[in-house]
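Quick notes on the structure that follows.
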């Protein structure tokens, strides 16, 4: 038996989401590369899928052909996986990564060389997401050629790479999130204009003062002149929404001046077709305040203003704790926003869901199967997973 045969036949233990059949054809696979003590959890440590340890081999794993790859936390086995793939025929590796559309790194201690190795074996990547990734500006510049080759369309950004990376790409969707996030001063000082960006999701910033929201508003028009869809998390303004003078000022500055379809604002550059505000509204006071904000938009005759409430996952109906206010003439995008946030019961969706905002040809990468890889040492994987359950 050759080295390749041994590599493919040796037993591996993975964590796999429970489902009816492990051999049926499936549209989406989420491959998570993480330490076994993190199996079955999202990056916050919250269990998000029901699954179990499975005895498999590398041949079966490679047959799944993931559409989404997530690399999370410290002690993840990406380096071990890369070393194993170096001994696999190029055509098999290319086939394995042939359907990957989204790569996400969260709190991951990956080396630059390991990430480059992975990117070089991907051919269809549409989105790249990262947070708490300790890369220098020099590292990002070394990654840039791979991003350009892949022609990435969407990025979830939590570090200032505006001039060094984003300015060199034709990204259509940007999500600003943490951790740590981008400082408003960095956005204002950025020399770039992102003319290809049509969708902007503002979820979190690296906050510096109480005027971060207002300062961001002043530069959106100049930095994103072709913006068509804007999703704004109200926590940028205030974690607890209130209806006061500042809220009215933000609403006026944020939206009323950007709807060029309205004659009184026809001189404005932006032609915003859809927007949404996401608000945390756990009590009657915050629900009232969100209703008043929606009323302001309605009175200003913005098109198709709608207010929706939903309970985040884990809460039962009748315990709605979030509100989405949407408006705009683009009914298809408004419907997608409703599906992502309200139907999906989330205030902070990742690129798996947000990619569909780019066009009608980018369906949500919502996986029907999750496979989590924790290394090639089957006994060590079992021990580590067992220690978590004790």
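In the UniProt record's numbering, the protein residues as written are 1 to 390.
Beta carbons are placed, not taken as given, at the ideal position from N, Cα and C, and that holds for glycine.
Residue i to residue j, Cα distance in whole Å?
i: residue 54; j: residue 15; result: 6 Å
i: residue 298; j: residue 291; result: 10 Å
i: residue 68; j: residue 187; result: 29 Å
i: residue 326; j: residue 83; result: 48 Å
i: residue 275; j: residue 163; result: 26 Å
i: residue 9; j: residue 180; result: 42 Å
i: residue 107; j: residue 177; result: 14 Å
i: residue 59; j: residue 338; result: 40 Å
i: residue 305; j: residue 152; result: 32 Å
Grouping DSSP H, G and I as helix and E and B as strand, with all else coil, what is residue i?
i: residue 306; result: strand
i: residue 353; result: helix
i: residue 220; result: helix
i: residue 63; result: helix
i: residue 125; result: coil
i: residue 51; result: strand
i: residue 264; result: At residue 264, the pLDDT of 46 sits below 50, so the modelled position is not reliable and the matter cannot be decided from this model.
i: residue 108; result: coil
i: residue 279; result: strand
i: residue 44; result: coil
i: residue 11; result: strand
i: residue 237; result: coil
i: residue 229; result: strand
i: residue 373; result: strand
i: residue 244; result: coil
i: residue 1; result: Note on residue 1: pLDDT 46, under 50, position unreliable in the model; the coordinate value appears next. In this structure, residue 1 counts as coil in the three-state DSSP scheme.
i: residue 315; result: coil
i: residue 324; result: strand
i: residue 384; result: helix
i: residue 164; result: coil
I'd like the list of long-range same chain contacts for residue i, defined as Cβ closer than 7 Å, with 5 residues on each side in sequence excluded.
i: residue 317; result: 311
i: residue 93; result: 85, 121
i: residue 264; result: Here residue 264 scores only 46 on pLDDT, less than 50, and its place in the model should not be relied on; the value that follows carries that caveat. If we look at residue 264 and ignore the five residues flanking it on each side, it has no Cβ neighbours.
i: residue 18; result: 50, 51, 52
i: residue 254; result: 217, 232
Is the beta carbon of residue i sitting closer than 8 Å to the one on residue j?
i: residue 233; j: residue 202; result: yes
i: residue 351; j: residue 127; result: yes
i: residue 442; j: residue 27; result: Look at the range of the chain in this structure, 1 to 390, and you will see that residue 442 is not part of it.
i: residue 401; j: residue 154; result: This structure cannot speak to residue 401, because the chain is shown only from 1 to 390.
i: residue 118; j: residue 148; result: no
i: residue 158; j: residue 135; result: no
i: residue 208; j: residue 185; result: yes
i: residue 110; j: residue 144; result: no
i: residue 13; j: residue 381; result: yes
i: residue 228; j: residue 272; result: yes
i: residue 388; j: residue 37; result: yes
Starting from the C-beta of residue i, find all residues in its chain whose C-beta is less than 6 Å away, skip the five residues before and the five after it, and write them out in chain order.
i: residue 277; result: 232, 234, 325
i: residue 362; result: 355, 356
i: residue 307; result: 294, 325
i: residue 97; result: 121, 122
With a threshold of 8 Å between beta carbons, is residue i in contact with chain C?
i: residue 197; result: No chain C appears in this structure, which consists of one protein chain only.
Using a Cβ-Cβ cutoff of less than 8 Å, which residues in the same chain neighbour residue i once the five nearest sequence positions on both sides are dropped?
i: residue 11; result: 55, 56, 57, 378
i: residue 438; result: Lying before the first or after the last residue shown, residue 438 is absent from the chain, which here runs from 1 to 390.
Next on the checklist: Does the structure place the segment 219-229 close enough to the segment 193-203 that three or more beta carbon pairs sit under 8 Å?
Outcome noted: yes
Next on the checklist: Counting beta carbon pairs with one atom in the segment 72-79 and one in the segment 33-41, are three or more of them shorter than 8 Å?
Outcome noted: yes
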